[in-house]
Ligand SMILES: NC(=O)c1ccc[n+]([C@@H]2O[C@H](COP(=O)([O-])OP(=O)(O)OC[C@H]3O[C@@H](n4cnc5c(N)ncnc54)[C@H](OP(=O)(O)O)[C@@H]3O)[C@@H](O)[C@H]2O)c1
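In our numbering, the protein residues as written are 7 to 319.
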């Protein structure tokens with residue numbers, strides 16, 4: 007059933023993949039796009055926006071802080087997907103989105119920006135933006151519009167390409183940090199596959215007012231297994247620099263002292279949650295539906311296949 011879907015964050019790394027996934031399912035995409043300041047968009051952004059207009063994406067100019075633009079964007083929309091980034095001040099602006107969706111009278115489903123480890127599994131103050139994502143679940147759950155919370159554990163562009171050393175944009179050439187014993191499993195999914203599963207759930211009554219997780223079974227790997235995969239593929243042998251949990255905790259404490267280091271802090275906190283605490287090892291709360299089981303006809307990319315992107319053939 008084709009729907010009109012408002013997408014927040016369409017120019018972002020995950021959001022642009024939702025544009026493709028929504029179009030593949032025959033939906034009409036409305037994108038809320040911020041104006042660039044200064045001299046206008048850089049060429050990469052310009053090309054992206056041109057591809058949107060070539061592909062029939064409808065643009066509404068505005069932002070999450072601009073309620074009038076949100077009302078225009080929500081007007082007539084059947085569903086809303088938010089791919090706003092995890093900066094706490096950005097995430098929090100989704101409160102305006104929940105209100106606008108509720109006011110619209112047309113929006114019947116919202117997928118807020120979650121797309122990580124299910125933040126209900128974190129303890130308080132373990133992952134800063136996780137606390138906020140958990141808080142926002144309450145806001146969406148009570149906004150009067152049906153909601154689906156999508157949990158992806160690690161997106162492969164961040165976790166597979168970096169071999170688990172979050173922050174690296176590609177596998178390193180010489181050495182890799184291994185956290186703890188390197189034997190805790192963590193599941194990853196290619197971001198384009200995450201978008202395809204999520205878009206399927208968007209119109210599925212089974213996912214209404216539910217938490218859903220994407221845990222493709224073949225992508226549940228330890229950090230050592232991930233590094234082994236890369237070494238076998240590339241022929242490179244990496245020095246494995248063991249970072250014990252106490253060292254990682256000291257790093258987290260030190261990063262927390264400096265507000266300018268917030269992105270690095272978030273990465274260190276996520277590394278701990280994944281590779282030490284095992285919060286993305288396939289465990290799930292009883293109310294969670296797993297989407298690779300629910301939609302077995304969606305073919306997902308294996309981590310090994312994803313690594314081919316980093317290996318010149
Ligand atoms: N599980 C994982 O491994 C993983 C990895 C990465 C991300 N994520 C999650 O995925 C989600 C999306 O993250 P991302 O990395 O794709 O983010 P991103 O690349 O930084 O993109 C953020 C998007 O939000 C838009 N935006 C920012 N502020 C806005 C505002 N006030 N109003 C309207 N739009 C605004 C940006 O627009 P402009 O282009 O105008 O700036 C951009 O399109 C987050 O929930 C994040 O935590 C998960």
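Just so it is clear, CB atoms sit at the ideal spot from N, CA and C, and this is done for glycine as well.
Once the 5 residues before and after residue 97 are set aside, which same chain residues still bring their CB inside 7 Å of it? Against the chain shown, residue 97 aligns to sequence position 91. Result list for residue 97: 90, 119, 135, 138, 139, 142, in chain order.
DSSP has residue 192 in a bridge; who is on the other side? As a working mapping, residue 192 is identified with position 186 in the chain shown. According to DSSP, residue 192 bridges with 227.
Could you tell me if residue 115 is buried or exposed, where buried requires 16 or more neighbouring beta carbons within 10 angstroms of its beta carbon? In the chain shown, the residue the question calls residue 115 occupies position 109. With 16 or more Cβ atoms within 10 Å of its Cβ, residue 115 is classed as buried.
Quick check: the region 151-171 against the region 260-271, are at least 3 beta-carbon pairs closer than 8 Å? no
Residue 88 by DSSP, collapsed to three states: which one? Translated into positions along the chain shown, residue 88 becomes position 82. Strand at residue 88.
Euclidean distance between Cα positions of residue 191 and residue 236: Within the chain shown, numbered from 1, the residue matching residue 191 stands at position 185. Within the chain shown, numbered from 1, the residue matching residue 236 stands at position 230. C-alpha separation (whole angstroms): 16 Å.
From which residue to which residue does the alpha helix (DSSP H) around residue 198 run? Here residue 198 corresponds to residue number 192 of the chain shown, with the count starting at 1. Run containing residue 198: 197-208, per the alpha helix (DSSP H) assignment.
For residue 243, report the span of its alpha helix (DSSP H) as first-last. As a first step, residue 243 is located in the chain shown; it is residue number 237 there, counting from the start. First-last for residue 243: undefined, no H or E at that position.
Cβ-heavy atom distance between residue 119 and ligand 1 below 6 Å? Looking up residue 119 in the chain shown gives position 113. Checking the Cβ of residue 119 against ligand 1 gives yes.
I'd like to confirm something about residue 91: is its beta-carbon nearer than 6 Å to some heavy atom of ligand 1, or not? Here the question's residue 91 lines up with position 85 in the chain shown. Yes, the beta carbon of residue 91 sits closer than 6 Å to at least one heavy atom of ligand 1.
What did DSSP end up calling residue 63 once you bin it into helix, strand or coil? By one-based count along the chain shown, residue 63 stands at place 57. Reduced to three states, the DSSP call for residue 63 is coil.
Whose C-alpha, out of 241, 217, 280, is nearest the C-alpha of residue 292? In the chain shown, counting from the first residue as 1, residue 292 sits at position 286. Nearest option by C-alpha distance: 217.
According to the Cβ coordinates, are residue 127 and residue 102 closer than 7 Å? Taking the first residue of the chain shown as position 1, residue 127 is located at position 121. Taking the first residue of the chain shown as position 1, residue 102 is located at position 96. For residue 127 and residue 102, no; Cβs fall outside 7 Å.
Please state if the CB of residue 63 and the CB of residue 33 are separated by a distance shorter than 7 Å. By one-based count along the chain shown, residue 33 stands at place 27. By one-based count along the chain shown, residue 63 stands at place 57. Contact: no.
Helix or strand or just coil, what does DSSP make of residue 121? As a position in the chain shown, residue 121 is number 115, starting the count at 1. Correct three-state label for residue 121: coil.
Roughly how many angstroms lie between the CA atoms of residue 306 and residue 197, to the nearest whole one? For the purposes of this step, residue 306 is taken as residue 300 along the chain shown, with counting starting at 1. For the purposes of this step, residue 197 is taken as residue 191 along the chain shown, with counting starting at 1. Spanning the two alpha carbons is a distance of roughly 10 Å.
Using 8 Å for Cβ pairs, my map puts residue 361 next to residue 13. What's the rounded Cβ distance? Any property of residue 361 remains undetermined from this structure, which presents the chain solely from 7 to 319.
I want to know whether the region 267-282 touches the region 106-114 - three or more CB-CB distances under 8 Å. no
When every heavy atom of ligand 1 is checked, does at least one fall within less than 6 Å of the C-beta of residue 198? Position 192 of the chain shown holds residue 198. No, since every heavy atom of ligand 1 falls outside the 6 Å radius drawn around the Cβ of residue 198.
Alpha carbon of residue 210 to alpha carbon of residue 221, nearest angstrom: Taking the chain shown and counting its residues from 1, the one referred to as residue 210 is at position 204. Taking the chain shown and counting its residues from 1, the one referred to as residue 221 is at position 215. Approximately 18 Å, taken between the alpha carbons.
Is residue 338 close to ligand 1? I mean its beta-carbon at under 6 Å from any heavy atom of the ligand. Look at the range of the chain in this structure, 7 to 319, and you will see that residue 338 is not part of it.
Does the distance between the C-beta of residue 170 and the nearest non-hydrogen atom of ligand 1 fall short of 6 Å? Start at 1 with the first residue of the chain shown, and residue 170 comes out as number 164. Checking every heavy atom of ligand 1 against the Cβ of residue 170, none is found closer than 6 Å.
Give the range of the beta strand (DSSP E) segment to which residue 154 is assigned. Within the chain shown, numbered from 1, the residue matching residue 154 stands at position 148. Here the beta strand (DSSP E) through residue 154 covers 152-157.
Does the region 239-251 come within contact of the region 176-194, defined as at least 3 CB pairs closer than 8 Å? yes
Output needed for residue 278: all residues of its chain with C-beta closer than 8 Å, excluding positions within five of it in sequence on either side, in chain order. Mapped onto the chain shown, residue 278 falls at position 272. Result list for residue 278: 132, 185, 251, 254, 255, 258, in chain order.
Using DSSP with H/G/I as helix, E/B as strand and the rest coil, what is residue 216? In the chain shown, residue 216 corresponds to position 210, counting from 1. Strand, per DSSP.
Cβ-Cβ distance between residue 149 and residue 104 below 7 Å: Taking the first residue of the chain shown as 1, we reach residue 149 at position 143. Taking the first residue of the chain shown as 1, we reach residue 104 at position 98. Yes, the pair counts as a contact, with Cβ atoms nearer than the cut-off.
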